Amino acid sequence: MWVYEKRLEHPVRVSCPDPRFAKCVITQYGGPDGELSASLRY
70 MWVYEKRLEH
80 PVRVSCPDPR
90 FAKCVITQYG
100 GPDGELSASL
110 RY
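For the sequence shown, the working numbering gives the first residue as 70, with consecutive numbering after it.
Here's what the structure looks like:
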């Protein structure tokens, strides 16, 4: 039996948004060389 607890493995504190880092993360997932396009190729 499993007990689900909604918590992060490593707690993260965000003091202010970082647009440059957000752009990098979005590009990694959805960009031309990102994870999504790589998974759809195979």
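Cβ atoms here follow ideal geometry from the backbone N, Cα and C, with glycine treated the same way.
Note that the structure is predicted; figures quoted are calculated from it, not measured.
| Asked | Found |
| --- | --- |
| What number of angstroms, rounded off, separates the C-alpha of E104 from the C-alpha of V72? | 30 Å |
| Going by DSSP in three states, P88 sits in which element: helix, strand or coil? | helix |
| Give the straight-line distance between the Cα atoms of D87 and M70, rounded to the nearest whole angstrom. | 40 Å |
| Helix, strand or coil: how does DSSP classify Y98 here? | helix |
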